[in-house]
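Read through the structure below, which is laid out as structure tokens, and then see the notes.
Residue numbers (our numbering), protein chains in the order written: chain A, 3 to 239; chain B, 167 to 452.
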């Protein structure tokens, strides 16, 4: 098990968002957290990458183990150095940096000396980014920006790639492209954890699913085997 | 006004503008990067002047400039530690806290150098005038322009062309994301602060041969810099340059044409800019 989250409780100020989340991600697997807006998907991911810290009025309890290392209480830059790359909701590319700089700033040799992803390999997977390498991040289209955030995550040569609602606000044709990208990453054996509102996309790109409601895991199972009435019950579709 | 007076006034204006630009660039850097307005930057400017004065007497002017830069940089590196608690705080809190530090630094200077006004003795090769195309220029003012420009270019190369600058630019737009890429933002903040304070120190050292400094002057320098900051646009490193030159020229020509009131001109300009273009004269509206 590469990631084990046990009884995770998360707070923003006085309000509790997560009520004891349990989840597991196996090496090489693709796992999706699915749920409606505001149920705690993003908070869960932020807890894992160390962005829910006391400085921003956040607090977490419970345990998050990555490769046996406890992440709770660790600053986010150290968590990233353990091999976790984070593609946040809302993209968060650096608008004043060029595409190339956006990639180079994340460049890192993986924990086991892994150098799979270089600028060249990234440009092979995302030829569009090569074309735009000298454009400022802010000049890119939404789809290009999203490609860039995924590419930036890969530049860290991570053991685990965490992605939060990557198709939000994108045109269907770009979503198709992202499905291909994520499938390609899965084929290459990259461990993936995503959060998604779109059921269709979630089922296409994940092997296992956790359905989250009001800060708790209410259902888990293999994506392709989840009965339809489960989705109707929790997601209304 | 004769041509040579005109040219000399321009030189004086530009040289003051360039030196002030270094101070403003330092303030704007941490304002963008850490979100901190260092109202006490003047203290480090005067610190640079005093270090330059003492080292020049001991070792010569070159060592004075170098020493002022390095020592203020080191002071900046360590002073970042107590300043960390200002992150995300209200600006009133910043004002009081940074000014308290300015008072502390200035009073330490009083303890070391006393209240005496000091001005760095100029080496003989910078004294007097040099004639270029029939116009006589004060040598030291030309050197000031040259040296301050050099520092400004070095700063721009650092900021726009190096990996360190890339980190700084990224931190300015999205600090949390930079941290999530595995980069230790805290240690970069210390370096950013060191550069910011050193820029103030260089400026103070460069200006120190021209006028007598007293330690308590460190407390008012931010006031003189404010118009540049506002006219250029807060956090705008590029916009601060034309703003600094403009204010420098307004000052030098004002001193000739309206000597009794020239000090108020930059502030008048600042108020006008704040009314008609509050984001700054050289900043695009967002």
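Cβ atoms here follow ideal geometry from the backbone N, Cα and C, with glycine treated the same way.
Per-residue contacts from residue 78 (chain A) into chain B (C-beta, under 7 Å)
What residue 78 (chain A) touches in chain B: 345 and 346.
Classify residue 180 (chain A) as buried or exposed, calling it buried when 16 or more other Cβ atoms lie within 10 Å of its own Cβ.
With 16 or more other Cβ atoms within 10 Å, it is buried.
Please report how far the alpha carbon of residue 408 (chain B) lies from the alpha carbon of residue 187 (chain B), in whole angstroms.
The straight-line gap from Cα to Cα measures roughly 9 Å.
In the DSSP assignment, find the alpha helix (DSSP H) that holds residue 65 (chain A) and state where it starts and stops.
That residue, residue 65 (chain A), is in no alpha helix (DSSP H); its beta strand (DSSP E) goes 60–68.
Does residue 24 (chain A) come out as helix, strand or coil in the three-state DSSP assignment?
If DSSP states are grouped into helix, strand and coil, residue 24 (chain A) belongs with the strands.
Is it the case that the stretch 38–53 of chain A contacts the stretch 310–328 of chain B, given that we only count it when at least three CB pairs across the two stretches are under 8 Å?
Because the criterion of three Cβ pairs below 8 Å is not met, the stretch 310–328 of chain B and the stretch 38–53 of chain A do not touch.
Do residue 35 (chain A) and residue 221 (chain A) have their C-beta atoms within less than 8 Å of each other?
For residue 35 (chain A) and residue 221 (chain A), no; Cβs fall outside 8 Å.
Listing by chain order, which chain A residues have their CB less than 9 Å from the CB of residue 402 (chain B)?
What residue 402 (chain B) touches in chain A, judged by beta-carbon distance under 9 Å, is nothing: the nearest beta carbon there is about 12 Å away.
For a contact defined as C-beta to C-beta under 7 Å, what are the partners of residue 83 (chain A) on chain B?
By Cβ distance, chain B contributes 348.
Contact residues within the stretch 194–206 of chain B, judged by C-beta distance below 8 Å to chain A
Listed in chain order, the positions of the stretch 194–206 of chain B with a beta carbon within less than 8 Å of a beta carbon of chain A would be empty, since no residue qualifies.
CA-to-CA distance, residue 196 (chain A) to residue 14 (chain A), given in whole angstroms:
Looking at the two C-alpha atoms, the distance is approximately 22 Å.
Scan the stretch 66–116 of chain A and note each continuous alpha helix (DSSP H) run of 4 residues or more that stays entirely inside, going in chain order.
Counting only runs of at least 4 residues, the stretch 66–116 of chain A fully encloses the following alpha helix (DSSP H) elements, listed from N- to C-terminal order: 78–83 and 101–106.
Run down chain A in chain order and give the residues with a C-beta less than 8 Å from the C-beta of residue 333 (chain B).
Within 8 Å Cβ-Cβ: 107.
Interface residues of the stretch 354–377 of chain B facing chain A [CB-CB below 8 Å]
Taking 8 Å as the Cβ-Cβ cut-off against chain A, none of the residues of the stretch 354–377 of chain B qualify.
Residue nearest to residue 191 (chain A) in terms of C-alpha spacing, selected from A:201, A:208, A:203 and A:200
In terms of CA proximity to residue 191 (chain A), A:208 leads the group A:201, A:208, A:203 and A:200.
Is the beta carbon of residue 98 (chain A) sitting closer than 8 Å to the one on residue 339 (chain B)?
In this structure, residue 339 (chain B) lies closer than 8 Å to residue 98 (chain A) by Cβ.
Would you say residue 406 (chain B) lies against chain A (beta-carbon separation less than 8 Å)?
Not closer than 8 Å to any Cβ of chain A, the Cβ of residue 406 (chain B) fails to qualify, so no.
Inter-residue CB distance, residue 225 (chain A) and residue 210 (chain A) (contact presumed, cutoff 8 Å)
Between residue 210 (chain A) and residue 225 (chain A) the Cβ distance is about 6 Å, and since that is below 8 Å, they are a contact.
Delimiting residues of the alpha helix (DSSP H) encompassing residue 406 (chain B):
For residue 406 (chain B), the uninterrupted alpha helix (DSSP H) segment begins and ends at 406–423.
Buried or exposed (CB count within 10 angstroms, at least 16 for buried), residue 156 (chain A)
With at least 16 other beta carbons inside 10 angstroms of its own, residue 156 (chain A) counts as buried.
For residue 403 (chain B), which three-state DSSP category applies?
Here residue 403 (chain B) sits in coil by DSSP.
Kindly indicate if chain B contains any beta-carbon less than 8 Å away from that of residue 6 (chain A).
Taking a beta-carbon distance threshold of 8 Å, residue 6 (chain A) does not count as an interface residue toward chain B.
Step through the CB atoms of chain D and report whether any lies within less than 8 Å of the CB of residue 91 (chain A).
Here chain D cannot be found, since the structure's protein chains are A and B.
As a quick exercise: from A:163, A:73 and A:67, pick the residue whose alpha carbon is nearest that of residue 112 (chain A).
Checked all of A:163, A:73 and A:67; the closest Cα to residue 112 (chain A) is A:163.
Distance cutoff 8 Å, beta carbons only. Does residue 130 (chain A) sit that close to anything in chain B?
Contact with chain B is absent for residue 130 (chain A), since none of that chain's Cβ atoms lies less than 8 Å from the residue's Cβ.
Can you tell which of B:190, B:391, B:193 and B:218 has the C-alpha that lies nearest to the C-alpha of residue 287 (chain B)?
When only C-alpha atoms are compared, the closest one is B:218.
Straight-line CA distance for residue 177 (chain B) to residue 91 (chain A)?
Distance between the alpha carbons of residue 177 (chain B) and residue 91 (chain A): 52 Å.
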